[in-house]
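In the order they appear, the protein sequences are chains A and B. Using full-length UniProt numbering, read the first sequence as starting at 1 and increasing by one per residue. Using full-length UniProt numbering, read the second sequence as starting at 1 and increasing by one per residue. Here is the structure we will look at, set down as structure tokens.
Protein chains: 2
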Amino acid sequence: MSIDLEIAQAASLKRITEIAESVGVPTEDLVPYGWTKAKVPLPVLERIEQERTPGRLVLVTAMSPTPAGEGKTTTSIGLADGLNERNRRRAAAGEPATGNAVLALREPSLGPVFGMKGGAAGGGYAQVVPMEDINLHFTGDFNAIALANNLAAAMLDNHIHHGNSLDVDVRRIHIKRVVDLNDRALRGTTIGLGGLNGGVPREDGFDIVVASEVMAIFCLATSLADLRERLSRIVLAHTRDRKPVTVADIGAAGAMTALLRDALAPNLVQTLEHTPAFIHGGPFANIAHGCNSVLATRAAMALGDWAVTEAGFGADLGAEKFLDIKTQSAGIWPDVVCVVATVRALKYHGGVEKADLETENVEAMLAGMANLEHHLTVLREVYGLTPVVSLNRFPSDTDAEVAAAVAHLREFGVRAVPAEHWAHGGEGALDLADAVIAAAAERESGSGEDRTPRRSYELSDSPEEKLRKIASRIYRAGGVDIPSSVAAKLRRFVAEGYGELPVCVAKTQYSLSSDPSLRGAPEGHTLTVRDVRLSAGAGFIVAICGDIMTMPGLPASPSAERIDVDAEGQITGLF
Amino acid sequence: MSIDLEIAQAASLKRITEIAESVGVPTEDLVPYGWTKAKVPLPVLERIEQERTPGRLVLVTAMSPTPAGEGKTTTSIGLADGLNERNRRRAAAGEPATGNAVLALREPSLGPVFGMKGGAAGGGYAQVVPMEDINLHFTGDFNAIALANNLAAAMLDNHIHHGNSLDVDVRRIHIKRVVDLNDRALRGTTIGLGGLNGGVPREDGFDIVVASEVMAIFCLATSLADLRERLSRIVLAHTRDRKPVTVADIGAAGAMTALLRDALAPNLVQTLEHTPAFIHGGPFANIAHGCNSVLATRAAMALGDWAVTEAGFGADLGAEKFLDIKTQSAGIWPDVVCVVATVRALKYHGGVEKADLETENVEAMLAGMANLEHHLTVLREVYGLTPVVSLNRFPSDTDAEVAAAVAHLREFGVRAVPAEHWAHGGEGALDLADAVIAAAAERESGSGEDRTPRRSYELSDSPEEKLRKIASRIYRAGGVDIPSSVAAKLRRFVAEGYGELPVCVAKTQYSLSSDPSLRGAPEGHTLTVRDVRLSAGAGFIVAICGDIMTMPGLPASPSAERIDVDAEGQITGLF
């Protein structure tokens, strides 16, 4: 049995009503899903937002990761538990309170659960629970999203079948059907086969649900009305004379919103240490913005003195999109940014091969600092934010490596602390909590940076200019290569009125550049934009710079083969 | 706004905890889904089954219907409300109690909700509520079933992609992926396109989720262990040398069961009159057995003195499968069978055309009695049951027609009463409730038929012999035509060890025969078996006798276009 599942199943959970009461949400206001999960309805959250001052927002992001991941989710959970542990200790000692913390995280997709990577509910003693439920279709949000997406696709094909009065060009259909599984065989399909009663034949394919625009919309919507409005704007296809065909045109917006109505309320669960955690939404971090729902983040801010949330991938992708896209549509801005680093990722970016990452190598670790330092500099200089580095400790890290890393970063002028929440829960993240509290205090005292939201580009910039600014400021690129076919697509987006949308770059997370083999802090490279796509409902233009897989496949021996349930309903084999 | 939705939204619902307490299930034992829906965990049901005597079981079935449907679900709800209303009145009058009633019904599919037929939560003043939730993916059971089914399909294609060590023949794959929508364009597909990374190309297609074997299994399973065992047995494909490849062979049974673990607990809701109602599972009534889950029916029997449940289509299909398949795997047997008839269906079977069904025509109505009488005779003579006829009143029925129908049926020797639950709720079904109570009393006094479960065939009969017996006894057919290719498939099923499974006939519901234009009680016709399929996990052989659509399409103007949600979350346009 996996250690994570063992710890999770041994945990003693509080009733979700008790968790909610602890942050002032009465039981009557909850929509329970069992006794340890609940949705908090949007009218309740709106009322609380009006009544209370929002808490401070802490964004957890990371340096460019290794393929094993550096523990952003685990750190987010550990930090929130650490903030609450600090608050409890202060109270016990009769000292001034530091305030309570509430988490906001993404929901896991079933793709990795049944594939290779496993679940996404944290790990060790920094987990959200009930772990099995969260990992196994939870409160059904992803299914609602899949149904809404697939209803639009079915209605579009149905429209074509019944005469196609909108003159949809079957070669220019952009929406794909989705499923929340890794299902390689559905990447490329033909549909509508079988003659007169089987619809109109066309080339097609399926994506995983987290890659859908409906998922991105779900996570950016600020209300049910905003959700409906955004869904209406999705461009499903183009006509033969190149006019956009939207969800509104085929009359699907109302039914799609009806399918999503209940799902839109954020899900409340708890950490192993009973910190309230909103787990809601989970768009891809490449072709979408990679953050939990705006509503979950705002819910955490409404209920907590501290709200801890996370953005996918490294800071060049996750934090950039969080800051340039999500905060702006949500009307929020972080007070502190926690950048997760690991000794092994530092060594990796210092040139050490994967097989050697567990061998002590202070020199390589310091050489890899260039990557982390660049991310820190971007957060400070481009966005005016206050970063804190969490050095997420792994068993193979040596004390010498950790000490050298911390000393180096402090010299660089940033708060940096080792964190051991995986092994010790909130207690292992007390120093990190203190660093975050200190950074926020400094900022609030006026000695810190200014607090105005900033973007890395202006919305009035052309899409090309936006890409150039992101590439040079965030990726250290020397230039952007936009092939003429792609430039023509961008001109078309501008002509259709989408020129002022932000851009959402899909590229590798393993390098600042679009070449995963360029580690450290490469400079002067060229960002090649292979393709662009419009997400008119989500409200961004996706720039695809690399191989982006929107339907993963299962490995030769998928995790699903090892998952089981005994006659009493106890699940085994999840990790 | 539709009248059904208007009535449902105006209803005052009780807390589901209160509904559960009313039948002796403490709040602590429930798994709430919001405040008006809950799942009752299997261990709780098992405990109650051990503690209490099971209630009497009333099966609601129907004469051969018109395309508009005769109101089986509405009658089931009305009868349960009527039984409870009678019980309350007795108590109020200080008379001996007649016992409380609990419902067990199928969950609606989203296909008809967004297509043409609308929802399936009853109608008028005989509804289960919350109507919008029940009709719009409810507690997520169908999504869990779709995921489990699609995981098996993905793992099979993944196995083929990664070397196909089982030697699966891509031309002999039986499992289809499913979605809970009417999506015509997915009927015929090719998948695995796009080269090396896209899997292995093959011809494929999608079914609607209610047509899947996983759905049938879900509804026949008696425990989590039985569910896992049945899933393991599903034959997904055959190898090139014609050996079956099962779910167990590809290692998917555990993960499929994990996905279905929570879904397997029956969902508890209430009628407009607060009768407890289990709404759980919903397999097709043609290629599957068309009844709610065994667990829901047993839950209703455990908690009610009366359990009212329904079988899909007319009695030749629904009741036959309920009796020959479901009761036997569930270990239950009905005490009374309520056969729903309508004046318009009687006229239809008496030869009146659809457009003229609202015109009074006593003679035609009496001519159509042949159909109803045949169903009644089968229930009595083949199965030894006690039928009661519920004449479900429609506004266009004249008093003369109703009086003549009742008089005729009483002369035929059956209890027959008009019922007006659509217009008046339980009060409109008091006479029906009394008829059911009287029939059960008669049976229990020993003057009724014997109570031994019977099948219309023996399990030891060959599949051909089973079909011949069903055809002659239930359909009044003169013979069965089994083409040699179909006979060869049946021989293969027998050779593989499936010869003793019951058969599940898929044919039109509009006629006793397989020709929908043969109304009344046709005799001597031939049942042509076009194809047979094995559902090894569900435990039956499907005999396809007619055009069976396992993936419906949307009409030119689907209902989905008229469904909407306002900014407060109120849903409109459902019917």
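The C-beta atom is built at its ideal place from N, Cα and C for all residues, glycine as well. Treat the numbers as computed from the prediction; the structure is a model and nothing was measured.
- Query: Of all the options A:Lys507, A:Gly537 and A:Ser517, which has the alpha carbon lying nearest to the alpha carbon of Asp528 (chain A)?
  - Reply: As a first step, residue 528 (chain A) must be located in the first sequence, where it is residue number 528. Note on residue identity: the sequence assigns Thr, not Asp, to residue 528 (chain A). Nearest of A:Lys507, A:Gly537 and A:Ser517 to Thr528 (chain A), Cα basis: A:Lys507.
- Whole alpha helix (DSSP H) runs in the stretch 480 to 533 of chain B with 4 or more residues, listed along the chain? 484 to 495
- Message: Under DSSP, the alpha helix (DSSP H) around Asp226 (chain A) begins and ends at which residues?
- Response: Residue numbering aside, residue 226 (chain A) sits at position 226 when the first sequence is read from its first letter. Leu224 to Arg233 is the span of the alpha helix (DSSP H), which, as asked, contains Asp226 (chain A).
- Message: I'd like to know whether the C-beta of Glu21 (chain A) is nearer than 8 Å to at least one C-beta of chain B.
- Response: Looking up residue 21 (chain A) in the first sequence gives position 21. So, not an interface residue.
- Which value, in whole angstroms, describes the spacing of the CA atoms of Gly497 (chain A) and Arg380 (chain A)? Position 497 of the first sequence, counted from the start, is the residue given in the question as residue 497 (chain A). Position 380 of the first sequence, counted from the start, is the residue given in the question as residue 380 (chain A). Those two C-alpha atoms are separated by around 33 Å.
- For the candidate residues A:Gln127, A:Thr309 and A:Val170, whose alpha-carbon lies nearest to that of Asp157 (chain A)? Against the first sequence, residue 157 (chain A) aligns to sequence position 157. Residue A:Val170 is the option with its Cα nearest to Asp157 (chain A).
- Task: Just confirm the distance between the C-beta atoms of His408 (chain B) and Gly314 (chain B), as a whole number of angstroms; I'd bet it's less than 8 Å.
- Result: By 1-based counting over the second sequence, the position of residue 408 (chain B) is 408. By 1-based counting over the second sequence, the position of residue 314 (chain B) is 314. No, His408 (chain B) and Gly314 (chain B) are not in contact; Cβ-Cβ is about 19 Å, not under 8 Å.
- Query: Ala252 (chain A) touches chain B at which residues, Cβ-Cβ below 8 Å?
  - Reply: The sequence position of residue 252 (chain A) within the first sequence is 252, counting from 1. Chain B residues near Ala252 (chain A): Ala560 and Glu561.
- For residue 591 (chain A), the three-state DSSP class (helix, strand or coil): Absent from the structure is residue 591 (chain A), since the part of chain A shown begins at 1 and ends at 575.
- Which residues mark the beginning and the end of the alpha helix (DSSP H) in which residue 593 (chain A) is found? Since the first and last residues shown for chain A are 1 and 575, residue 593 (chain A) lies out of range.
- Residue environment, Glu411 (chain B), which counts as buried when at least 16 other CB atoms sit within 10 Å: Counting from one through the second sequence, the residue named residue 411 (chain B) turns up at place 411. Answer is exposed; the Cβ neighbour count stays below 16.
- C-alpha gap between Pro418 (chain A) and Gly192 (chain A), whole angstroms: Position 418 of the first sequence, counted from the start, is the residue given in the question as residue 418 (chain A). Position 192 of the first sequence, counted from the start, is the residue given in the question as residue 192 (chain A). Their Cα atoms are separated by approximately 57 Å.
- Can you tell me whether DSSP reads Val352 (chain A) as helix, strand or coil? Residue mapping note: residue 352 (chain A) aligns to position 352 of the first sequence, counting from 1. Three-state result, Val352 (chain A): coil.
- Query: Does Met131 (chain A) have its Cβ less than 8 Å from a Cβ in chain B?
  - Reply: Locating residue 131 (chain A) in the first sequence gives position 131, counting from the first residue. No, Met131 (chain A) does not count as interfacial toward chain B.
- Query: Looking at chain B, which residues of the stretch 170 to 183 of chain A have a Cβ within less than 9 Å of any of its Cβ atoms?
  - Reply: Arg177, Val179, Asp180, Leu181, Asn182 and Asp183
- Supposed close pair Leu30 (chain A), Val235 (chain A) - CB separation, criterion 8 Å: Within the first sequence, residue 30 (chain A) is the residue found at index 30, counting from 1. Within the first sequence, residue 235 (chain A) is the residue found at index 235, counting from 1. Wrong, their Cβ atoms sit about 37 Å apart, outside the cutoff.
- Answer yes or no: do Phe284 (chain A) and Ala560 (chain A) have a C-beta to C-beta separation smaller than 8 Å? Here residue 284 (chain A) refers to the residue found at position 284 of the first sequence. Here residue 560 (chain A) refers to the residue found at position 560 of the first sequence. No.
- Message: Tell me the residue span of the alpha helix (DSSP H) that contains Pro112 (chain B).
- Response: Taking the second sequence and counting its residues from 1, the one referred to as residue 112 (chain B) is at position 112. Residues Leu110 to Phe114.
- Task: Note down, in chain order, every chain B residue with its Cβ under 8 Å from the Cβ of Asp157 (chain A).
- Result: One-based indexing of the first sequence puts residue 157 (chain A) at position 157. Neighbours of Asp157 (chain A) on chain B, chain order: Asp183, Arg184 and Ala185.
- Task: Mark Lys354 (chain B) as exposed unless 16 or more other C-beta atoms lie within 10 angstroms of its C-beta, in which case mark it buried.
- Result: Sequence index remark: in the second sequence, residue 354 (chain B) carries index 354 (1-based). With fewer than 16 other Cβ atoms within 10 Å, it is exposed.
- Message: Using 8 Å for Cβ pairs, my map puts Pro65 (chain B) next to Tyr510 (chain B). What's the rounded Cβ distance?
- Response: Taking the first residue of the second sequence as 1, we reach residue 65 (chain B) at position 65. Taking the first residue of the second sequence as 1, we reach residue 510 (chain B) at position 510. Contact holds; Cβ gap of about 7 Å.
- Measuring CA to CA, which of A:Pro244, A:Gln270, A:Arg228 and A:Ala237 is closest to Leu260 (chain A)? Indexing the first sequence from 1 puts residue 260 (chain A) at position 260. With distances taken between Cα atoms, Leu260 (chain A) lies closest to A:Arg228.
- Cβ pair Pro108 (chain B), Gly282 (chain B) closer than 8 Å: Locating residue 108 (chain B) in the second sequence gives position 108, where the first residue counts as 1. Locating residue 282 (chain B) in the second sequence gives position 282, where the first residue counts as 1. In contact: Pro108 (chain B) and Gly282 (chain B) (Cβ atoms closer than 8 Å).
- Query: Does DSSP classify Val339 (chain B) as helix, strand or coil?
  - Reply: Translated into positions along the second sequence, residue 339 (chain B) becomes position 339. Correct three-state label for Val339 (chain B): strand.
- Message: Does Ser165 (chain B) pass the burial test, meaning 16 or more other C-beta atoms within 10 Å, or should it be called exposed?
- Response: Locating residue 165 (chain B) in the second sequence gives position 165, where the first residue counts as 1. The residue in question, Ser165 (chain B), is exposed, as its Cβ has fewer than 16 Cβ neighbours within 10 Å.
- 6 Å CB neighbourhood of Ile48 (chain A) in its chain, flanking five on each side removed: If you number the first sequence from 1, residue 48 (chain A) lands on position 48. Result list for Ile48 (chain A): Ala302, in chain order.
- Is it true that the CB of Val128 (chain B) sits closer than 8 Å to the CB of Leu105 (chain B)? Numbered from its first residue, the second sequence carries residue 105 (chain B) at position 105. Numbered from its first residue, the second sequence carries residue 128 (chain B) at position 128. Yes; because the gap between Cβ atoms is below 8 Å, this pair is in contact.
- Entirely within the stretch 403 to 480 of chain B and at least 3 residues each: give me those beta strand (DSSP E) ranges in chain order. 415 to 419
- Query: Using a beta-carbon distance below 8 Å, is Phe114 (chain A) in contact with chain B?
  - Reply: Looking up residue 114 (chain A) in the first sequence gives position 114. So yes, Phe114 (chain A) belongs to the interface.
- Do Ile16 (chain B) and Leu268 (chain B) have their C-beta atoms closer together than 8 Å? Residue mapping note: residue 16 (chain B) aligns to position 16 of the second sequence, counting from 1. Residue mapping note: residue 268 (chain B) aligns to position 268 of the second sequence, counting from 1. Yes, the Cβ-Cβ distance between Ile16 (chain B) and Leu268 (chain B) is below 8 Å.
- Proximity to Gly539 (chain A) [Cα-Cα], best of A:Arg242, A:Thr53 and A:Ile287: Stepping through the first sequence from its first residue, residue 539 (chain A) is reached at position 539. It is A:Ile287.
- In angstroms, rounded to a whole number, what distance separates the CA positions of Asp531 (chain A) and Lys489 (chain A)? Residue numbering aside, residue 531 (chain A) sits at position 531 when the first sequence is read from its first letter. Residue numbering aside, residue 489 (chain A) sits at position 489 when the first sequence is read from its first letter. Cα-Cα distance, rounded: 8 Å.
- Task: Counting only the same chain and skipping the five closest in sequence on each side, list residues whose C-beta sits under 8 Å from that of Glu373 (chain B).
- Result: On the second sequence, position 373 is the one that residue 373 (chain B) refers to. Within the same chain, Glu373 (chain B) has close Cβ partners Phe412 and Ala521.
- Any Cβ of chain B within less than 8 Å of the Cβ of Arg228 (chain A)? Along the first sequence, one-based indexing puts residue 228 (chain A) at 228. For Arg228 (chain A), the answer is yes, since a Cβ of chain B falls inside 8 Å of its Cβ.
- Message: For Ile3 (chain B), count the other beta carbons within 10 Å of its own beta carbon; 16 or more makes it buried, fewer makes it exposed. Which is it?
- Response: Residue numbering aside, residue 3 (chain B) sits at position 3 when the second sequence is read from its first letter. Under this definition Ile3 (chain B) is an exposed residue.
- Message: Using 8 Å for Cβ pairs, my map puts Val414 (chain A) next to Val389 (chain A). What's the rounded Cβ distance?
- Response: Against the first sequence, residue 414 (chain A) aligns to sequence position 414. Against the first sequence, residue 389 (chain A) aligns to sequence position 389. That pair is a contact at about 6 Å.
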